[in-house]
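Contents: one structure, followed by commentary.
Protein chains in written order, with my numbering: chain A, 306 to 1107; chain B, 110 to 266.
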């Protein structure tokens, strides 16, 4: 079923201002580093200068004698508590503090607790670590070489750096279609290692109460309930004695999903000292040691018939997982959701094989708004389609239009087994091409090219596009889990006697406006004003259990939970109203109203003027009414929403760039983004999230890169080296929407938080390569990379320029 | 050292190496000013010193001796929010709110110096700052909105 409708009708929905903004514009947000508890101490982490080295000894005696130092924690301290290693989200373990070896530069070796943050840092210099340097594996492509250093010799019988092999699709059917294809294009693509780099780094204030045995952790946790379980498992503290409080979070993008050694060391520091311990990493620590993203080395092949119809796709991937396999993704999906790599196209057969390897780099792998590697999948297919267009002399827009899935194909089961819920891709692409004025831009491009060939001067104009399909809102539980916890989310809704409501959520905002959007959902369901709904999140003592959001799960999963809980409350209200009006519940008709303080109302069918409002019902439910058996005297409900499927938002992006062929500098002149995320609850917030994701696309395509040298030195450990787009590199985004509701979501909504990050990089890269007439060059297309590509000598981005 | 912060004079013994951002946040508990990068790239720590925006992560506290510092906490006056604060709310110029205080301090300074900036001038003014959420479009729109609202207030229309 695909119905395309306009608008976002209904009370509650619409571009209302955000409830959370009042505190932020006054500087009154409460971020982790803003917290100061009485007697609080400060932690700092000693990190490895080597990418790979054996630890002969750690001598902390000088640090311990520093007058302001209260405790020094080493790997040995943790080993004595059984905490030197922690489980990862991906069937592996990771060192908390290194005991045997360090396996990447920046790895945690020791933790100092001191009276203030400067003293804690000072004391790090007093810790004497005796390292025996070992040869590192800095290049993923050499990791499986004969004789390569074995990184994970902590694992019994391990003799190589192989992590996993995973495949999907039908190899035989794919081979058969390749064999009869009129044309096959292939391409090697690197999606280099990048970093989510939220503006607020990761941090924690751990507060262990020795008397009650209760641990309270204020922390930058995108998924507070998953963190609580991890603390229980790792530290051995019973789960009911752990309270995770995620205060305001200054951006997450997946970076704040994982469990980091600094968090655990702060907990141990608090247990040892009896005082609260704050640890907040600095920018270098964030970039060097916390969850990176991507690092996929891909070889793609695309087969087409003589008419340009795409027949099949074949892909092999080398996935650099760093020193520990710690990707935070559903545990049965070692390559995340990369399996959706057939994208938005009608492709009969596909096959891919992914091999994961260890290297001497930080662990992570799924972060930066990637939708569990849909980002890599979209980049692959959108780049391959452009390569095919170039190789066969076709216009990339026409080639796409001829191969896109049409609305009548939904629900669509892809060649790799994913069931897309709804979509209208041709309409999205047509809208985007019309907005950009495709024919005119192509004509202008031609003129610029002629002028360049005549004069040798630029700029050269390029047009690039992508038509992406996202896959967000993981569950269902039977298929998707994080460490055995099925991917569902909870909501609890209570309407107070006087009418306003409180909604408690398992997910936690990192800036995307939950306090507003979720109040709007309740408003939409019950007719209450948005301001009459308080949203509670990010406190495990006061919210129901759930897996939380990594980037786009809030609306598809928790949003559905809120809607279902509100529906249950409405049905309770119906039962109470029936008693109030002395009629059968079935004889009542619900009218959601206009969002006034009375809320919606129930009226008696066929009897005009006889009705009670939600506010009256709420008071009556708690009053002296004689309620029948089975009707509780309250308006309150909870639910756990187990999504039946992912939602599949999509969009069509067109990017126009001007490239200076003399310097390689790229100017993104225009960016048109048509997004379809189903029904939009708050279009203003949706558009804001798209703007942010588009900037990510500019960043990844043109400047962001975590690079290493041969010794495994991290070369991108500050914002002077890890470049992020500013207002100067971002054009004024041009947005449009189509609305194709999700047929299985109670509100028809789909997730959107990661759409633009997923969809925009290939549009920018395709535009730059279109401008310079180069078949392929890898991201980031910095001026140096563009200039080299123009000279026919593209650079491999992931290792340092020699 | 002595420093006037948001009109209030503070006298403190500080270590010579103490950063201004840490004096404001940790000693004076004005936590609206944020700490984002250590290298003057992100601008989350922007405050005014003697009327000029500075990145307080790369200013020593002692460099503010005898000077006047203004932080985001001082933007709201007795008659309500500063127009730039109101416009950031009206135009969805913020999401996670971490870069917002720095953006607001720059925006206020820009409009004080140039009440009718072009979009390019607005982008240049905030080009030393990073926002990871908004893609800047609504920040530019918010500053434009504030300029327009203040022009109306002055009767400049």
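All residues carry an ideal CB built from backbone N, CA and C; glycine is no exception. Only a predicted model underlies this, so the values are computations on that prediction, with no experimental measurement involved.
The C-alpha of residue 962 (chain A) is placed about 10 Å away from the C-alpha of residue 970 (chain A). Scanning chain A for C-beta atoms nearer than 8 Å to the C-beta of residue 235 (chain B) yields 1031 and 1032, reported in chain order.
Chain-ordered, the chain A residues with CB closer than 8 Å to the CB of residue 198 (chain B) read 322, 323, 326, 327 and 330. If you compare the alpha carbons of A:949, A:728, A:914 and A:833 with that of residue 782 (chain A), the shortest gap goes to A:949. Taking a contact to require three or more Cβ pairs closer than 8 Å, the region 486-498 of chain A and the region 463-478 of chain A do not qualify as touching. DSSP places residue 216 (chain B) within a helical segment (H, G or I) once states are collapsed to three. Listed along chain B, the residues sitting closer than 8 Å to residue 1023 (chain A) by beta-carbon distance are 146, 147, 148 and 150. Distance from the CA atom of residue 125 (chain B) to the CA atom of residue 416 (chain A), rounded to whole angstroms, is 25 Å. With a threshold of 8 Å between beta carbons, residue 213 (chain B) makes contact with chain A. Cβ contact annotation for residue 448 (chain A) (same chain, cutoff 6 Å, sequence separation greater than five): 442, 466, 662 and 664, in chain order. Looking only at A:404, A:798 and A:410, the smallest Cα-Cα distance to residue 357 (chain A) is reached by A:410. For residue 196 (chain B), same chain residues with a beta-carbon under 6 Å away, outside a window of 5 residues either side, are 251, 254 and 255 in chain order. In summary, the residues of the region 964-989 of chain A whose CB is separated from some CB of chain B by less than 8 Å are 989, in the order they occur in the chain. Sequence-distant partners of residue 930 (chain A) (beyond 5 residues in either direction) whose C-beta falls short of 6 Å from its own C-beta, in its chain, are 884.
With its beta carbon less than 8 Å from one in chain B, residue 423 (chain A) belongs to the interface. Chain-order list of chain A residues neighbouring residue 210 (chain B): 332, by C-beta distance under 7 Å.
Sequence-ordered contacts of the region 221-253 of chain B with chain A read 228, 231, 232, 233, 235, 236, 237, 238, 239, 240, 241, 242, 243, 244, 245, 246, 247, 248 and 249 [C-beta pairs closer than 8 Å]. Fully enclosed beta strand (DSSP E) runs of no fewer than 3 residues occupy 433-438 of the region 428-470 of chain A, in order along the chain. Only 501, 502, 503, 504, 505 and 506 from the region 493-516 of chain A bring a Cβ to less than 9 Å from some Cβ of chain B.
Note on residue 114 (chain B): 16 or more other CB atoms within 10 angstroms of its CB, so buried under the neighbour-count rule.
Nearest to residue 157 (chain B) by alpha-carbon distance, out of B:226, B:148 and B:168, is B:168. Following the DSSP letters along the chain, one finds residue 743 (chain A) inside the alpha helix (DSSP H) bounded by residues 743-760. For residue 873 (chain A), the enclosing alpha helix (DSSP H) begins and ends at 865-886. Against chain A, a Cβ distance below 8 Å from residue 124 (chain B) picks out 423.
The three-state secondary structure of residue 544 (chain A), taken from DSSP, is helix.
Along the region 554-567 of chain A, going in chain order, the ones with a CB nearer than 9 Å to a CB of chain B are 554, 555, 556, 557 and 558.
For the options A:644, A:964 and A:927, the alpha carbon positioned closest to that of residue 754 (chain A) is the one of A:964. Where residue 228 (chain B) is concerned, the enclosing alpha helix (DSSP H) starts and stops at 228-234.
Residues of chain A whose Cβ lies closer than 8 Å to the Cβ of residue 194 (chain B) are, in chain order, 330 and 331. Just measuring C-alpha positions, the residue of A:680, A:999, A:561 and A:657 sitting nearest residue 599 (chain A) is A:680. Annotation for residue 570 (chain A): no beta strand (DSSP E) segment contains it, though the alpha helix (DSSP H) segment containing it runs 566-578. Here residue 988 (chain A) carries a helix assignment [DSSP, helix/strand/coil]. Here residue 343 (chain A) is exposed. Its C-beta has fewer than 16 other C-beta atoms within 10 Å. Using a Cβ-Cβ cut-off of 8 Å, residue 1035 (chain A) counts as an interface residue toward chain B, since at least one Cβ of chain B sits closer than that to its own.
For residue 723 (chain A), the closest of A:812, A:766 and A:784 by C-alpha to C-alpha distance is A:784. For the region 175-194 of chain B, the set of positions with a beta-carbon nearer than 8 Å to some beta-carbon of chain A reads 180, 181, 182, 184, 185, 190 and 194 in chain order.
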